[in-house]
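Mapping the sequence shown onto the UniProt record's numbering, position 129 (from 1) lands on 129, and the numbers just tick up by one.
Down below is the structure, laid out as structure tokens.
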Amino acid sequence: MLCSSATAPHFTGLYATTAIDDFYDPTPFLDARRNIAADHTFRDGFWLKTTERYFVLAQYMDAHRVDRLVHAELDSLTFALDRFVSNLDRSGERGIFLPFDHPARSIASLVYVNDPAALHELVRFITTTTPVRNDMDLLARFAQHSPRSVRRLPTLESLTRPAAFEELACRAITPSQLGGIVDAASIGQWIGGIDPRNRGFGPHWNHFENDVTTRNALASLDIVLDASGPTARIGDLEGVRLYNLHLHSKMHEHLTRRSQLRRLVRWSRRRRRSILRWDVRRNAKMAIQATKRQIRRTQRVRAAFPRMEGD
């Protein structure tokens, strides 16, 4: 795990950690920040960090003389990565391997790089491109700008809507080459819902449908969890291996045992959505915050329109 030296002690005994302070120079990214149009203050610079990671990974490959790596987001539950890597290497393709859920959006839930030069090309592109909303849009733009450096990983969306992805100039890895598919976001959101911070009041449900994936495609997955990970039915394809589940809901503490994941998968196969958890404390906190905001708004209105003498 790559992390700062300040956070490394929290993972002692759980993961092998490498402190980015030992090799990373943030100076090149300072010039690239201006090309991220999303709010730089959102969640402590979230949209900046999602883009800065590519600068960190490029410098890591140089500093440690690594010629290939797998990058998984922290909320991406991965399976059989040795098979994932060996199948991609066996394909003979080189570059940055990215999952797309839309021709104009790549979600880097699970990424493979076996060409450091391609990653450096991405870093240069980030620095010189015109402003773009976020890293997902940026990766899609890079794929169109430098198609020889990008390989498109198969996803649920590319299998169920293949015609929509034909406009992408980069070469596609087939499910047979990979031995499965990658979950950009939608499958994990269907199974585990979305980040609680993106929801309002009320319980945490599964069966979330995002803006690009149809309910029919998700409801027909028929996901099964075996010893080596999950498989799904996608159209006429049976037993399609899933190399990851992008659990956007951040339910890490609820997945410490395999039986818990098996229960989530089983509930996802129900026709009706299920309540996964109901955080009473969180809802109470949100209610208090909403009340305080309303009080502040009322006070501002009263200050702007004071009562006239004699009213």
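The beta carbon of each residue, even a glycine, is placed where N, CA and C say it ideally should be.
Note that the coordinates shown come from a computational prediction; the quantities given were computed from them, not determined experimentally.
Boundaries of the beta strand (DSSP E) in which residue i is found, first to last residue
| i | result |
| --- | --- |
| residue 17 | Neither: residue 17 is in no beta strand (DSSP E) and is coded neither H nor E. |
| residue 238 | 237-241 |
| residue 134 | First-last for residue 134: undefined, no H or E at that position. |
| residue 98 | 96-102 |
| residue 160 | Where residue 160 is concerned, there is no enclosing beta strand (DSSP E), although the alpha helix (DSSP H) it sits in stretches over 156-160. |
| residue 223 | That residue, residue 223, is in no beta strand (DSSP E); it is neither H nor E in DSSP. |
| residue 7 | Neither: residue 7 is in no beta strand (DSSP E) and is coded neither H nor E. |
| residue 107 | Taken as a continuous stretch (DSSP letters only), residue 107 belongs to no beta strand (DSSP E), as it is neither H nor E. |
| residue 232 | 229-234 |
| residue 151 | 150-153 |
Member of the options whose CA lies at the smallest distance from the CA of residue i
| i | options | result |
| --- | --- | --- |
| residue 50 | 93, 65, 61, 29 | 29 |
| residue 65 | 116, 257, 244, 242 | 116 |
| residue 35 | 185, 261, 137 | 137 |
| residue 67 | 131, 58, 103, 296 | 58 |
| residue 195 | 74, 119, 25, 6 | 74 |
| residue 23 | 158, 2, 142, 127 | 2 |
| residue 19 | 4, 272, 81 | 4 |
| residue 37 | 122, 134, 119, 206 | 134 |
| residue 26 | 48, 9, 144, 125 | 48 |
| residue 198 | 31, 13, 43, 39 | 43 |
| residue 345 | 163, 128, 121 | The structure shown has nothing for residue 345, since the chain only spans 1 to 311. |
| residue 260 | 217, 72, 225, 171 | 225 |
| residue 106 | 233, 299, 295, 185 | 185 |
| residue 170 | 40, 271, 151, 292 | 151 |
| residue 223 | 252, 255, 262 | 262 |
| residue 361 | 293, 208, 232, 291 | Any question about residue 361 goes unanswered here, given that the chain covers just 1 to 311. |
| residue 271 | 243, 291, 218, 298 | 218 |
| residue 124 | 52, 228, 162 | 52 |
| residue 191 | 220, 129, 163 | 220 |
| residue 39 | 132, 295, 291 | 132 |
| residue 142 | 86, 162, 54 | 54 |
| residue 103 | 273, 112, 255, 163 | 163 |
Residue burial classification, residue i (beta-carbon count within 10 angstroms, cutoff 16)
| i | result |
| --- | --- |
| residue 140 | buried |
| residue 275 | exposed |
| residue 11 | exposed |
| residue 303 | exposed |
| residue 110 | buried |
| residue 157 | buried |
| residue 7 | exposed |
| residue 76 | buried |
| residue 193 | buried |
| residue 349 | Here the chain covers residues 1 to 311 and nothing more, so residue 349 does not appear. |
| residue 215 | exposed |
| residue 249 | buried |
| residue 313 | Here the chain covers residues 1 to 311 and nothing more, so residue 313 does not appear. |
| residue 56 | buried |
| residue 301 | exposed |
| residue 308 | In this predicted model, residue 308 has a pLDDT of only 49, less than 50, meaning its place in the structure is not dependable; the value taken from the coordinates is given anyway. Answer is exposed; the Cβ neighbour count stays below 16. |
| residue 305 | exposed |
| residue 227 | exposed |
| residue 46 | exposed |
| residue 182 | buried |
| residue 9 | exposed |
| residue 21 | exposed |
| residue 15 | exposed |
| residue 101 | buried |
| residue 213 | buried |
Integer-rounded CB distance, given that residue j should sit under 8 Å from residue i
| i | j | result |
| --- | --- | --- |
| residue 230 | residue 97 | No, residue 230 and residue 97 are not in contact; Cβ-Cβ is about 20 Å, not under 8 Å. |
| residue 155 | residue 203 | Actually they do not touch by this definition, with Cβ atoms about 29 Å apart. |
| residue 180 | residue 241 | 3 Å |
| residue 153 | residue 119 | About 16 Å; that fails the 8 Å criterion. |
| residue 95 | residue 149 | 5 Å |
| residue 173 | residue 93 | 7 Å |
| residue 159 | residue 234 | 5 Å |
| residue 114 | residue 89 | 7 Å |
| residue 206 | residue 267 | 6 Å |
| residue 31 | residue 127 | 5 Å |
Residue range of the unbroken alpha helix (DSSP H) whose run includes residue i
| i | result |
| --- | --- |
| residue 219 | 215-219 |
| residue 305 | Here residue 305 belongs to no alpha helix (DSSP H), and DSSP marks it neither H nor E. |
| residue 126 | 116-128 |
- Item | Complete alpha helix (DSSP H) runs within the stretch 170-209 (minimum length 4 residues, chain order) | 175-178, 186-192
- Entirely within the stretch 18-83 and at least 3 residues each: give me those beta strand (DSSP E) ranges in chain order. Listed in chain order, the complete beta strand (DSSP E) runs (minimum 3 residues) inside the stretch 18-83 are 69-72, 76-78.
- Task: For the stretch 244-273, list the alpha helix (DSSP H) runs that are entirely contained and at least 4 residues long, ordered along the chain.
- Result: 258-268
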